[in-house]
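Data block below; observations after.
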Amino acid sequence: MFAAVDPDVLVTDIDLGTRPNGVELSHVVKSLSPGCAIVFLTNYPSEAPFSELPAGSTFVNKSSLDSVDGLISAVNSTLVELPVTVTPPVESGAAKLGALTRVQLDILRLIAGGWSNAEIVKQRGSSMRSVEKAVSRTFEALGLNRNPDVNPRVAAATLYSRAFGLPAPADSDQ
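Okay, here's the thing in structure tokens:
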């Protein structure tokens with residue numbers, strides 16, 4: 001079926017919910033159609049954690065777009081082999097998420113979903129000590145351990161929800 005269609009561009013999110021994810025999909029498409037331009041349209045604040053993005057692909061953060069014209073411009077730039085990166089301003093809270101590792105992003109998603117450390121241990125199959133360290137490192141990477149008047153767990157959940165939307169609640173099947 002794919003051979004009958006010669007795509008010029010693939011616009012995909014990185015997180016597609018199941019496998020393959022958008023990065024894996026882009027590599028499959030590139031292998032079948034090497035001339036296909038790739039545009040990642042996603043809630044991730046930065047492409048930094050995704051070193052495996054295909055060379056020449058464009059990264060567009062959804063919250064950085066004011067209108068569909070911005071997406072059209074990014075697609076057109078990618079088609080003429082001028083990839084662009086459209087991300088939130090560096091000083092925004094969402095930009096801090098781009099520096100997190102995959103494990104930290106997963107921990108943050110579970111926290112934002114209302115999971116306790118004990119539930120994260122069960123979910124990830126990790127030890128309590130490992131989860132506590134990962135949570136602490138995540139808060140530190142986000143700069144949330146610096147203000148004693150702010151609950152870092154609540155601040156982290158808020159930051160995640162603003163950037164990615166609300167994750168599935170802790171009491172739902174994941």
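Throughout the sequence shown, residue numbering follows this note's numbering, covering 1 to 174 in sequence. Built from N, CA and C at the ideal position, the CB exists for glycine as well.
- Judged by DSSP in its simplified three-state form, valine 80 adopts coil rather than helix or strand.
- Just so you know, the alpha carbons of arginine 109 and serine 116 end up roughly 12 Å apart.
- The Cβ atoms of threonine 78 and lysine 62 do not sit closer than 8 Å to each other.
- Going by DSSP, alanine 37 is part of the beta strand (DSSP E) stretching over 37-42.
- At a Cβ-Cβ threshold of 8 Å, isoleucine 120 and alanine 156 do not count as neighbours.
- Excluding five sequence positions before and after serine 136, the CB atoms of its chain that fall closer than 8 Å to its own CB belong to Asn145, given in chain order.
- Within its own chain, the residues whose Cβ lies closer than 8 Å to the Cβ of aspartate 106, once the five positions on either side in sequence are excluded, are Arg124, listed in chain order.
- Runs of the alpha helix (DSSP H) lying entirely within the segment 110-140, each at least 4 residues long, are 117-124 in chain order.
- Taken through DSSP and simplified to helix, strand or coil, threonine 101 comes out as coil.
- Shown here for threonine 138: same chain residues with a beta carbon closer than 6 Å to its own, the five before and five after excluded, namely Gln104, Ile107 and Leu108 in chain order.
- Using a 10 angstroms sphere on the CB of valine 68, the tally of other CB atoms stays under 16, which defines it as exposed.
- With a beta-carbon spacing of about 6 Å, serine 26 and threonine 12 fall inside the 8 Å limit used to define contacts.
- Within the same chain, and ignoring the five residues on either side of proline 167 in sequence, the residues whose Cβ sits closer than 6 Å to its Cβ are Arg109, Ala112 and Gly113.
- With 16 or more other CB atoms across the displayed protein chains lying within 10 angstroms of its CB, valine 29 is buried.
- DSSP, reduced to helix, strand and coil, places leucine 10 within a strand of the structure shown.
- Your pair valine 39 and valine 60 checks out as a contact, with CB atoms roughly 6 Å apart and the cut at 8 Å.
- Spatial neighbours of methionine 128 in its own chain (CB-CB distance under 6 Å, excluding positions within 5 residues in sequence) are listed in chain order as Val121.
- Distances from the alpha-carbon of alanine 37 to those of Tyr44, Pro54 and Val131 put Pro54 closest.
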